[in-house]
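Worksheet: one structure, shown below.
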Amino acid sequence: MSKEKILTAFLESTDFSEFISNISEIWGSPTVIVDCAFRIAASFAPVDYGQSEYTRAVLHGELSFEAGAALSRAAQTAEKEYFTFETGSLKCLAYTLSDVGAVIGYMICIIKDGGEALLKNGELSFAAALVSKQFYFERRQIVKSTAEEILTELLDGEFSDEARFKLRAASTYLSSFNPERLAVIDISNYGGSTEADGFLRKTLENEFHASHPFIYKNKIVMFIHRDHDISRLAEIAKGENLKIAVSDVFGGIFAVKSAFDFALETLDYLTLCGKNGFCEDSEKYAVIITLKKLAGKKELIESDILSLAKYDKENSGALCETLYTYLCCHHSLKETCNRLFTHRNTVLYRINKIKEDFNIDTENPKKHFSYLISLAIILAENKKDKFFI
């Protein structure tokens with residue numbers, strides 16, 4: 007490593023993250039930059055670097071409680087600007103980043119030895135000085151907003167594109183935040199006071215690292231990472247009589263709005279169904295919720311299926327659900343009987359009636375898909391939700 011290479015990396019980098027990537031490659035050590043709250047501002051490691059502690063921290067956007075505590079203890083007893091500490095299986099060399107004597111964060115290099123190679127000739131000190139200046143400059147260029155304020159704006163749909171969001175988020179933990187899913191929690195059955203809600207948020211924060219629970223439109227929104235135990239969230243839901251809907255996996259924090267919207271729809275649907283004390287995956291209810299939105303759109307339904315539905319309504323029949331199940335079972339009479347828990351003769355009678363009285367060709371492959379969609383909309387409209395959950 008040389009000061010010339012570090013300076014070149016500084017001058018040629020287009021942003022802070024690229025600068026950290028470049029110097030990390032120069033000294034061949036995975037590097038993490040954190041602020042004073044141990045939130046990650048930038049990081050870099052080779053593609054094949056597989057240390058779970060590093061990966062977890064980067065995905066969470068902040069150091070673990072254990073790593074943060076180890077860094078804090080070492081920093082308090084350090085006699086110089088640099089010091090070493092260990093967390094899990096990792097040995098780290100950290101350098102205090104400061105501006106005009108005020109600590110603004112730490113540069114952490116994951117090392118295999120004592121870090122002597124990084125300390126020689128003052129090269130680490132030189133790199134840290136440049137990192138400090140760039141880190142401070144980047145933070146000063148951003149209009150200060152809390153992460154909750156930015157997330158609220160994101161959920162309100164106020165960002166026209168991802169670039170604008172990233173610019174606003176650069177001064178918060180959101181800049182390096184990589185949750186996998188989110189949970190929307192209805193707290194209407196909970197304490198009902200600011201103190202109670204605050205206690206619940208603190209409990210969730212302690213149980214689920216880097217979940218960052220916050221209040222949005224009278225709901226608690228929290229983030230879920232790959233290593234979080236969802237079964238524990240289900241236990242809390244049952245014990246505290248909470249209603250919780252967990253979103254599907256989303257790609258990047260900017261996709262939070264669509265994930266939240268569908269999780270909220272799931273929550274509303276399950277509430278209408280009369281459920282309490284639950285933690286459910288939104289994905290499980292995606293089909294029925296989508297079909298409910300299509301209810302009433304007669305233009306999407308085949309005319310002969312409309313006739314079938316009219317007969318069922320006037321005669322308390324079950325022709326629509328029989329045909330839907332029959333088509334789903336690939337025309338297997340036995341499987342249809344098993345799924346409907348209905349005698350073979352009854353199912354056979356219904357299928358023949360559908361064919362003869364309504365002139366519906368159940369074997370026509372060209373009609374198979376349109377019939378399924380039409381029947382699904384009809385069944386959802388008639389509250390036959392069990393077919394889609």
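The opening residue of the sequence shown carries number 7 in my numbering; numbering runs sequentially from there. Beta carbons are placed, not taken as given, at the ideal position from N, Cα and C, and that holds for glycine.
| said: If I follow the unbroken beta strand (DSSP E) through residue 97, where does it start and stop? | reply: To locate residue 97, count along the sequence shown from 1; it is residue 91. Annotation for residue 97: the continuous beta strand (DSSP E) segment containing it runs 96-105.
| request: Count the other CB atoms, across all protein chains shown, that sit within 10 Å of the CB of residue 412; report buried if there are 16 or more and exposed otherwise. | output: Here the chain covers residues 7 to 395 and nothing more, so residue 412 does not appear.
| said: I'd like the list of long-range same chain contacts for residue 178, defined as Cβ closer than 8 Å, with 5 residues on each side in sequence excluded. | reply: For the purposes of this step, residue 178 is identified with residue 172 of the sequence shown, where counting begins at 1. Contacts found: 45, 151, 152, 153 and 156.
| query | Candidates 74, 382 and 20: which alpha carbon is nearest residue 114's? | reply | For the purposes of this step, residue 114 is taken as the residue at position 108 of the sequence shown. With distances taken between CA atoms, residue 114 lies nearest to 74 out of 74, 382 and 20.
| Segment contact flag, the region 160-167 with the region 123-135, C-beta cutoff 8 Å, min 3 pairs | No contact exists between the region 160-167 and the region 123-135.
| field | Burial state of residue 336 (16 or more Cβ within 10 Å) | value | For the purposes of this step, residue 336 is taken as the residue at position 330 of the sequence shown. Flag for residue 336 reads exposed.
| query | Helix, strand or coil for residue 9 per DSSP? | reply | For the purposes of this step, residue 9 is taken as residue 3 along the sequence shown, with counting starting at 1. Residue state, collapsed to three classes: helix.
| N- and C-terminal bounds of the alpha helix (DSSP H) containing residue 372 | Stepping through the sequence shown from its first residue, residue 372 is reached at position 366. From DSSP, the alpha helix (DSSP H) with residue 372 extends over 371-387.
| message | Using only the alpha-carbon positions, how far apart do residue 149 and residue 103 sit? | response | The residue labelled residue 149 in the question sits at position 143 within the sequence shown. The residue labelled residue 103 in the question sits at position 97 within the sequence shown. With a pLDDT of 49 at residue 149, under the threshold of 50, the modelled position of that residue is not reliable, and no figure is offered here.
| field | Segment limits, alpha helix (DSSP H) that includes residue 73 | value | The residue labelled residue 73 in the question sits at position 67 within the sequence shown. Residue 73: member of the alpha helix (DSSP H) spanning 71-83, first to last residue.
| request: Flag residue 83 as yes when its Cβ comes closer than 7 Å to any non-hydrogen atom of the ligand ADP, and as no otherwise. | output: No copy of the ligand ADP occurs in the structure displayed, which carries no ligand at all.
| said: Checking the sheet assignment: what are the DSSP bridge partners for residue 284? | reply: Within the sequence shown, numbered from 1, the residue matching residue 284 stands at position 278. Note: residue 284 sits in a beta bridge opposite 249.
| field | alpha helix (DSSP H) runs contained entirely in the region 300-379, provided each spans 4 or more residues | value | Runs of the alpha helix (DSSP H) inside the region 300-379: 309-321, 325-334, 339-346 and 350-363.
| Does DSSP put residue 58 in a helix, a strand or coil? | Taking the first residue of the sequence shown as 1, we reach residue 58 at position 52. The answer is helix: DSSP assigns residue 58 an H, G or I state.
| said: Whole angstroms are fine: how far does the CA of residue 304 sit from the CA of residue 402? | reply: Outside the shown range of the chain, which is 7 to 395, sits residue 402, and nothing can be said about it.
| field | Inter-residue Cα distance where the pair is residue 95 and residue 196 | value | For the purposes of this step, residue 95 is taken as residue 89 along the sequence shown, with counting starting at 1. For the purposes of this step, residue 196 is taken as residue 190 along the sequence shown, with counting starting at 1. Each residue's Cα considered, the two are about 41 Å apart.
| Count the other CB atoms within 10 Å of the CB of residue 389; is the residue buried (16 or more) or exposed (fewer)? | Within the sequence shown, numbered from 1, the residue matching residue 389 stands at position 383. When all chains shown are included, residue 389 counts as exposed.
| query | How should residue 58 be labelled, buried or exposed, when 16 other C-beta atoms within 10 angstroms of its C-beta is the threshold for buried? | reply | For the purposes of this step, residue 58 is taken as residue 52 along the sequence shown, with counting starting at 1. Result: exposed.
| request: Output the boundary residues of the alpha helix (DSSP H) element that contains residue 191. | output: For the purposes of this step, residue 191 is taken as the residue at position 185 of the sequence shown. Taken as a continuous stretch (DSSP letters only), residue 191 belongs to no alpha helix (DSSP H), being part of the beta strand (DSSP E) at 187-192.
| Residue from 327, 275, 143 and 241 whose Cα sits closest to the Cα of residue 296 | Walking along the sequence shown from the start, residue 296 turns up at place 290. Among 327, 275, 143 and 241, the Cα nearest to that of residue 296 belongs to 275.
| said: For residue 377 and residue 213, I'd like the C-alpha separation in whole angstroms. | reply: As a working note, residue 377 is residue 371 in the sequence shown. As a working note, residue 213 is residue 207 in the sequence shown. Going from the Cα of residue 377 to the Cα of residue 213 covers about 48 Å.
| Under the three-state DSSP convention, the category residue 238 falls into | Against the sequence shown, residue 238 aligns to sequence position 232. Note: residue 238 maps to helix in three-state DSSP.
| message | Can you tell me which residues form a DSSP beta bridge with residue 115? | response | The residue given as residue 115 occupies position 109 in the sequence shown. Beta-bridge analysis with DSSP links residue 115 to 37 and 99.
| Any idea if residue 232 is buried or exposed, counting beta-carbon neighbours within 10 angstroms, 16 or more meaning buried? | On the sequence shown, position 226 is the one that residue 232 refers to. Residue 232 is exposed by the Cβ-count criterion.
| query | How long is the line joining the alpha carbons of residue 387 and residue 176, rounded to whole angstroms? | reply | Indexing the sequence shown from 1 puts residue 387 at position 381. Indexing the sequence shown from 1 puts residue 176 at position 170. Each residue's Cα considered, the two are about 46 Å apart.
| Straight-line Cα distance separating residue 47 from residue 142 | To locate residue 142, count along the sequence shown from 1; it is residue 136. To locate residue 47, count along the sequence shown from 1; it is residue 41. Their Cα atoms are separated by approximately 11 Å.
| query | Where residue 312 and residue 338 are concerned, what is the direct C-alpha to C-alpha distance, given to the nearest angstrom? | reply | Translated into the one-based positions of the sequence shown, residue 312 becomes position 306. Translated into the one-based positions of the sequence shown, residue 338 becomes position 332. So the alpha carbons of these two residues sit roughly 24 Å apart.
| request: Find out if the Cβ-Cβ distance for the pair residue 330, residue 393 is shorter than 8 Å. | output: Numbered from its first residue, the sequence shown carries residue 330 at position 324. Numbered from its first residue, the sequence shown carries residue 393 at position 387. Here residue 330 is near residue 393, since their CB atoms are less than 8 Å apart.
| request: For the beta strand (DSSP E) holding residue 275, just list the boundary residues, first then last. | output: Within the sequence shown, numbered from 1, the residue matching residue 275 stands at position 269. Note, residue 275: premise wrong, no beta strand (DSSP E); alpha helix (DSSP H) at 262-278.
| query | Shortest alpha-carbon distance to residue 86 belongs to which of 99, 289 and 341? | reply | Here residue 86 is taken as the residue at index 80 of the sequence shown, counted from 1. Of 99, 289 and 341, the residue nearest in Cα terms is 99.
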